[in-house]
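Notes to accompany the following structure.
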Amino acid sequence: MTRKTNFYTASDLDRVSHLREDAEWLAERLCHDTSRLLPVWRQRNLVSGIDSEPQFAHLPIGHIETLRADHAEPVLLGLVGDIAYFTLDVSHIEEPEIHDLLGEAGLFEDLRQVGPLLPSEQGNLLAFARGINYWHSRHRHCGVCGAPTVSEKAGHQRRCTSSECGAVSFPRTDAAIITLVYDEDRIILARSPRFVNGMQSVLAGFLEPGESLEDTVAREIFEEVGIHVTDIEYKHSQPWPFPSSLMVGFRARALDTDIRIDNEEILEAGWYSRDFLTNLTPESPLRLPRPDSIARRLIDEWLAEG
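Counting from 11, one number per residue, gives the positions in the sequence shown under the numbering used here.
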């Protein structure tokens with residue numbers, strides 16, 4: 011039985027972490043005819059066929075030296091079959107749409123907009139590329155002493171260049187819970203100030219130091235809508251590189267039903283029945299989360315049980 015995975019989750023990418031310090035292997039792959047480069051420009055990914063059949067756009071690996079800036083090093087993403095994929099930050103290029111190489115290859119698009127249109131495995135590679143480049147762009151100086159850092163292990167760690175410090179930092183992922191709260195045949199949906207008009211979703215929040223994920227579920231739900239929960243059940247997770255989160259999905263049963271919203275984080279929230287949500291149409295004023303999100307999967311799974 012094939013296990014269903016969430017979008018941006020890889021099944022055929024081998025990250026080959028054991029080869030990240032193999033200088034000979036890396037050098038060979040950085041000049042191999044089959045290796046591919048996925049450039050990222052200001053947190054946007056290169057995509058072709060946007061008006062017809064969107065696909066990720068990649069370049070032959072030999073273009074790295076033409077595209078790189080002094081501060082940017084190629085980062086190894088891994089192998090798909092025998093093809094090595096690397097990524098490179100090209101944010102120093104002011105107008106990529108008229109660049110000789112980049113302009114012909116495609117357009118740099120926001121993955122949040124084009125992600126649902128891409129094949130899942132391509133979406134994963136682009137999400138990985140976006141996330142790792144975001145981390146590098148914010149760790150060019152040491153968080154301990156402020157000295158410049160250098161990339162190591164094929165782009166999977168950075169080391170402080172100060173001989174008195176030498177601190178090592180690793181790519182950061184922020185854990186966040188996302189929870190469907192239910193009471194018999196209805197669930198809570200809420201609208202955040204950052205949502206597009208009409209969209210409502212399940213509740214989410216970030217893990218704090220010293221908390222378990224289950225602790226975070228209980229705290230966030232109470233903080234946002236004033237509801238105590240029990241029967242907290244893990245469902246599945248999803249990498250969410252906007253900019254650097256892992257969404258950990260749960261389901262929890264409400265112990266009380268009187269919603270009291272946190273006006274700083276939530277504009278409105280309410281109970282919605284399975285029947286009401288099942289009968290939504292594109293013309294309905296309420297919109298569910300985007301189809302590539304774990305929030306939508308949590309809702310769709312619950313609806314399918316009715």
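We put the CB at the ideal spot given by N, CA and C, even for glycine.
My output table needs one value for Ser179: the three-state DSSP class, helix, strand or coil. In the structure shown, Ser179 adopts extended strand secondary structure according to DSSP, grouped into three states.
For the segment 99-112 against the segment 50-66, are there 3 or more C-beta pairs whose distance is under 8 Å? With the cut-off at 8 Å, the segment 99-112 and the segment 50-66 touch.
Whole angstroms are fine: how far does the CA of Ser294 sit from the CA of Thr226? Straight-line Cα distance between these residues: approximately 33 Å.
So, do the segment 185-200 and the segment 277-285 have three or more beta carbon pairs nearer to each other than 8 Å? Flag = yes, the segment 185-200 and the segment 277-285 touch.
With DSSP run on the structure shown, which of helix, strand or coil describes Gln248? Correct three-state label for Gln248: strand.
Using a Cβ-Cβ cut-off of 7 Å (strictly less than) and excluding sequence neighbours within five positions of Pro208, which residues of its own chain qualify? In the sequence as presented, Pro is not what sits at residue 208; that position holds Gly. Only Pro295, Leu296, Arg297 meet the Cβ criterion.
Using the C-alpha atoms, what's the distance from Ser173 back to His246? Counting only the Cα atoms, Ser173 lies some 43 Å from His246.
Determine the DSSP secondary structure at Tyr144, reduced to helix, strand or coil. Secondary structure at Tyr144: helix, using DSSP grouped into helix, strand and coil.
Considering only their Cβ atoms, is the gap separating Ile188 from Ile304 smaller than 8 Å? Cβ atoms of Ile304 and Ile188: closer than 8 Å.
Near Val85, what residues of its chain come up, given a Cβ to Cβ distance below 6 Å and the 5 sequence neighbours on each side ignored? Thr97, Ile142, Gly165.
Complete runs of the alpha helix (DSSP H) confined to the segment 161-245 [at least 4 residues]: Runs of alpha helix (DSSP H) with 4 or more residues, each lying fully within the segment 161-245, are found at 223-235, listed in chain order.
Only counting the same chain, and skipping five residues up and downstream in sequence, which positions put a Cβ closer than 7 Å to that of Val154? Closer than 7 Å at Cβ, skipping near neighbours: Cys170, Cys175, Ala177.
Report, in whole angstroms, the separation of the C-beta atoms of Leu190 and Arg122, which I expect to be a contact under 8 Å. Rounded, the Cβ-Cβ distance is 22 Å, inconsistent with contact.
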